[in-house]
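Taking it in order: structure first as structure tokens, then the write-up.
Chains as they are written, first to last, in the working numbering: chain A, 1 to 102; chain B, 103 to 620; chain C, 621 to 1121; chain D, 1122 to 1795.
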């Protein structure tokens, strides 16, 4: 069994993180944006785990539990907001939320 | 009156504010309420004047530098303290303030009919701020009062002013503020320097006098700091070319506002130079002497010329202030006893005569609701008593010997001549142009046939207006005929001021442009 | 976090001292739970119970915090959290800010038909988040606290569910906030990878002990953490969410955000900044680079905040930009913080002064706002001094304080802040700052112009000021003037707080 | 005792002034007649005359070298070493002035009671008149330059007030302002002179200055002659203003807008001579500077000539007299300029007599003619106003230099000194002599056009028209005074003035005749009297014999006679005059328009300054400074508007900015860290 080199995993993580960020940047649908944010958080989780393994240190993995919990809460709130938005706007498109400007 | 002995100055400073707050309790609804409010304010300002007269009586010119001092630590972190004290230089400006305040208040009895309570509250608050600035011996405290004075004035102009009042008020505030904010930076620096040199923060002015700052060139610390202060003070004076807020503010302000603005607020600039600008930065004063004298001279001539062509009386008077305050600058920067004394005296004169001019303009404005010179003509015929007072004040403004104006201008020019005869000669032309614009205005307003039917039936001065103007007329002559009354209490302070301002502190002491060199 | 090899009993038991210092947290947490349970009672009485519980909790928290004078810094939970004078000081600020917001919101919620107990519960939870944020010594705690606070506030921002603007604001805030949190977290992860710890102090220890360990990854981690904070405090160019959010949020929430949220972000920022050793302890080069970054940020923030505020006509939005501007001034404190004697104390003081005046201002705005947060345009304030002289006066005091005109708290704080910057030799920065604040005076005064110098338009509507709101506004006016006139005490408290950290 | 001299008029002023301000001026108050105010004023000035006389007698009894009375009242200004007392000092020189001022002043006050009898505000008039006397006395009695300057500006003020006395006529008000402003230009020089004196000598006190100089024109040590010249010239600028010399004479003719007694008192007898007083008082400066002396002499001589040319063509009786005053003042400066200060002062005195006489006579004529001032509309008044006629004749003869009248002695003294003194020259004499001929010519013209020949106006019946109770208001208000008489009564009912007015005329006539004997050539009392103050007259330059003096005197007498006779001949036949005028029309026009000097000043100084001021205001103050100020605001606003655009409202743009910021920060840090 080949051990995957940590740097590979880390690079993978960073790529996922920036894919997440790019998703936030370019997607119009807010639900997708929420997923992108989840992606970013999960990239972080993976990073923590990798480092934890590499450093032989449990702290990183413990952190992951916290982060997952928070991410869940975040998704809950986010979805709640999306619903509220959909109720008033009948849309979940970012183009619709540009009234507040300048 | 607890602590009246130990906190005499605090009482004077905060007395108007006490009256102002107490006045808030007066229900100012209806005519009776308004009258009560007016009388209460008048009473407050009169009592303040009375108390300040006892300051005059108890001040000993031969005594300590600063008298009636009070020092209470305030913000020890920054070395700021609540330090008050009076010397000859502040004494007369305090008296000028307290003397003019009742007159300004009485003068606006009939002019202000709406929001009476706020109006008088602000006037009294303004008085506190002005008095505070004159007695502060701590630069931080001075700054607090200096800025605090802006708000009441801003509101006075902005609420009770003329048509363009908002623009004028804003301009007044921002102009002054920009200058004073840079001064604030300089204050930080000074406090810091004091820490470096003496080991502790201090913003006490007397401590700062001892600072040694590198000076003598343009980019030296002293010069830059001096310029920061000078900017604030020059805007307040106002010195050409930083004067353009003045015409607007004067024209738009209500009568009492103009009076206080011209009579006291402009003096803050000159006072600032005397209390802070000069003694802390002696080398820079010498370095910039010529520059400022040139600017002062330009101000004199420029102010006079521009005043000449003004169609609005108040604007004319405003530009005349620019011209008159130009004298103050050249007198101060001449740095000899004659010039500085003259300069100081000119500040008082300007307070009296320009204050009176604004009151007079207020008198006809109340009757005619215009300040356009062309709307008048032949007023002398209709309001002879008014014309007499106006004439006397005009003469004081053109510095006729025997009136106060002459003493000031004469001493200034005499003092400045020793430093720079060429510039002084140019400045002296102000004497000519001063007569031109004042008399021309007087002629257009007062003389000739009464052409405008609206001017036909104007009422002459009322008893109240007489009461306002008579003390000023008396002051014009007292100050013109017996200036020694003022000089006596002033002389030691002026001498000390000159000594401090000419003592080079980064090099062995050497006197520059000293009066006693001959 | 230490690797958990053996179960150490001291980690599971707490000394009396530790319990004592944790009391404020317990009080707020307990209060929040009780309030949440109490909201079940809404059938019984629609608003009072939760309101009373909330207020009682907050004031109890304040009381406990003030009574709590730790002899020295107490570290809790194996070094993950600190209870020291600094956190204590800020806890008091948060609690007071929340209390005042709650007091002001009461009638507002009635009027807007939003009288839901959740509002108060959310405020309590966000306050708890803030308190933890100000005491966090570990990145994970910090993250959790941050999210606890933010999540509650996201909901509060969108509290006017039926309002499109409120929704929009909440959504923007949520997405950008989450993204920023994620970035911060990623930075944390990178630092963890480089140092093997998530303790804030551990990072700097490593950087000092083994300069060789400082890899670009480490630097990137630091940068991402700093980024996260710059976002939270809304420093330019990371400020863009702020005006929109502040404008869209219900007025009292905006007030709460500008004070509590901002204070919390800055409190944590101070702590992280100092503990990371970005100011002290790190090498010359690091310091210089952070100095440069903060310098640029500060100038940008001040310029953008002030100049754009000039062009605003909506009071709420104007105050949002002004809030950005104030962030800029605070960053001046960061630039110079450690190089002068007062440094962070001045910053701390400024945060407090800013909180006081902003709370007051938003309290007044809450009272002035019409249905659906309308009526906050400049011209709506025309002649306010006639309609309601006391409110006009109060608002003037707050605005002048923000403009830094003596004798107000804003002036004293600004004086202290800029003075410390001059001591650090940052004269050019201070000159820019004062010129910017000269610009700011214009838009603050413009409000006064409308209130005092314009005639009232339309029929004067009657303003009903609830006793709660009245007390809140009066208290803020008094505090603004008191701190302005006698700043010494506040300075000393702030100094003590910073030294105790 | 000295202080009583100015104090009496001051008291008179205060009584009349306060009474007027509070008792007469306010609307609805009873108007006072001229009687009581006039009596108060006259009494005041007479009292001061009495005191002056007593002082004079006291001085007579003193040793010539220490002939002075001094009194220090109080300290005016005291700043450091600068010290000015309000102090009086009367010596041989100014005792003459105080006598003339109070003496002639008393007569003119007396005259005014009649002349101003029907004025609306006689209280004000007499208050001003007394104030003037006060200021004038301060001027001549002050012991130092600042006190002198106090009076100097004070008389200027009164002149301003009195010229514009009938202020409802805007032209009169303007004339007053012009006088004040032109005088201020002079005062500008005066001030500079004072500054230079103080910075050079450290004192402004006359006595101290004189002691510094010592005697006979020697300069104090360490003072360069250039400084002395500069001082002298600066002060002379002041004199030019006050004493109406070229180029600052322009105000004096306009000053005739004031009531005639004012013209007599201020603009003929006293105020305008204060320049001569100043020069004589500070003679040691002038003798110390030959350059300044020649300037004074040249300006004096040229002014004398120049003004005479204008006087020839003027039609207004008072204007002719005004130009003649300018011309005579020129003589006085000529005298001073050639070092004959006593001659100058002598001429001041005689001129005070005869010119006051002429003005008062003219006033009487104007009074009798109901405000008519154009001499071409007069004629034949000889029979109707006999007392005026005879006294006027004496005055004319005196000014023309008819031998043995006062004018002859003083003028001849100046002419002779202009020729003979070391600083004099034949050219100066020649110019002065020509002027003398012209003076004789235009004065005779004035005289004959006014009094001789047939009336050139419609004579009204005298029936029922007595002077004391005129049926119409001819209260000297020029605004509407003109032609009142003509409206009610066809033609002008000429009448002789009352005794109150003619009595002063007669007294002055006597003085004009005998006043000159104090300066009898070679036995001049006045020269001797003044010697301690102004120094002895310079000995005649060598080579000038006594016979030459007689010859020159003869020439000047001859010249005067020629002038008089030609004028009589010419103006007997008016058609001849018109023919002659037509022949030299261009010259006549230039002269009649006073060489267009007013217009030139207007175009060269007044307009440009006004235009330039307007330009400064609109073009610099508003357009540059204010625009910069407002510009800062604009730029701020513009910056705000621009930056604001970034805030697009789009969530993703914000996120992009976050990313950019992050990359920037991280990049900078990573790049910089290593």
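For glycine and all other residues, C-beta sits at the position ideal for the given N, C-alpha and C. From a predicted model like this one, the values you see are computed outputs, not experimental measurements.
Listed by chain order, chain D residues near residue i by CB distance under 9 Å
i              : result
residue 840(C) : 1787, 1790, 1791
Rounded distance between the beta-carbons of residue j and residue i, thought under 8 Å
i               : j               : result
residue 656(C)  : residue 714(C)  : Contact doesn't hold; Cβ gap of about 19 Å is too wide.
residue 1116(C) : residue 705(C)  : 5 Å
residue 1746(D) : residue 346(B)  : 5 Å
residue 514(B)  : residue 421(B)  : That pair is no contact at about 19 Å.
residue 1680(D) : residue 1554(D) : 6 Å
Test: residue i CB closer than 8 Å to a CB of chain D
i              : result
residue 545(B) : yes
residue 102(A) : yes
residue 24(A)  : yes
residue 944(C) : no
C-beta neighbour in chain A for residue i, strict 8 Å
i               : result
residue 818(C)  : yes
residue 1734(D) : no
Neighbour flag for residue i against chain B, beta carbons, 8 Å
i               : result
residue 1117(C) : no
residue 1113(C) : no
residue 1110(D) : Missing from the structure shown is residue 1110(D); chain D here goes from 1122 to 1795 and no further.
Assigned secondary structure, residue i (DSSP; H/G/I helix, E/B strand, else coil)
i               : result
residue 1488(D) : helix
residue 314(B)  : coil
residue 1768(D) : coil
residue 779(C)  : coil
Amino acids of chain C, ordered along the chain, whose beta-carbon sits closer than 9 Å to that of residue i
i              : result
residue 290(B) : 1035, 1038, 1039, 1040, 1041, 1042, 1043, 1047, 1050
CB contact check: residue i to chain C, cutoff 8 Å
i               : result
residue 1768(D) : yes
residue 31(A)   : no
Per-residue contacts from residue i into chain D (C-beta, under 7 Å)
i             : result
residue 16(A) : Going along chain D, no residue has its Cβ under 7 Å from residue 16(A), so there is no contact; the nearest lies around 16 Å.
Per-residue contacts from residue i into chain A (C-beta, under 8 Å)
i               : result
residue 1757(D) : Residues of chain A passing the Cβ test: none, with the nearest at roughly 17 Å.
Partners in chain A for residue i, counting only beta-carbon separations shorter than 9 Å
i              : result
residue 812(C) : 47, 48, 51, 52, 55, 57, 59, 60, 63
Handout entry: Segment contact, 8 Å Cβ cut-off, at least three pairs: the region 513 to 532 of chain B with the region 557 to 570 of chain B
Key = Not touching, per the Cβ criterion.
Practice task
Could you tell me whether the region 1252 to 1263 of chain D touches the region 1139 to 1156 of chain D, where touching means 3 or more Cβ pairs closer than 8 Å?
Solution key: no
Problem - Stretch-stretch touch, CB-based, cutoff 8 Å, three pairs: the region 787 to 794 of chain C with the region 909 to 928 of chain C - result: no
Exercise for the section: Examine the Cβ distances between the region 1373 to 1390 of chain D and the region 1411 to 1422 of chain D and report whether three or more of them are shorter than 8 Å. Expected result: The region 1373 to 1390 of chain D makes no contact with the region 1411 to 1422 of chain D, as fewer than three CB pairs between them are under 8 Å.
Problem - Cβ contact check for the region 849 to 862 of chain C and the region 725 to 744 of chain C: 3 or more pairs under 8 Å - result: With a cut-off of 8 Å, the region 725 to 744 of chain C and the region 849 to 862 of chain C do not count as touching, because too few Cβ pairs lie within range.
Practice task
May I ask you to verify whether the region 62 to 81 of chain A touches the region 34 to 47 of chain A, counting CB pairs closer than 8 Å and requiring at least 3?
Solution key: yes
Exercise for the section: Mind the definition here: the region 1503 to 1510 of chain D touches the region 1614 to 1627 of chain D only if three or more C-beta pairs lie below 8 Å; say whether that holds. Expected result: yes
Practice task
Count the C-beta pairs between the region 906 to 918 of chain C and the region 1028 to 1043 of chain C that are closer than 8 Å, then say yes if the count reaches three, no if not.
Solution key: no
Exercise for the section: Determine, using beta-carbon pairs with one atom in the region 343 to 360 of chain B and one in the region 249 to 263 of chain B, whether at least three such pairs fall under 8 Å. Expected result: The region 343 to 360 of chain B and the region 249 to 263 of chain B touch, with no fewer than 3 CB-CB distances between them shorter than 8 Å.
Practice task
Evaluate contact between the region 154 to 168 of chain B and the region 324 to 338 of chain B, counting only Cβ atoms and requiring at least three cross-stretch pairs below 8 Å.
Solution key: No: fewer than three Cβ pairs fall under 8 Å.
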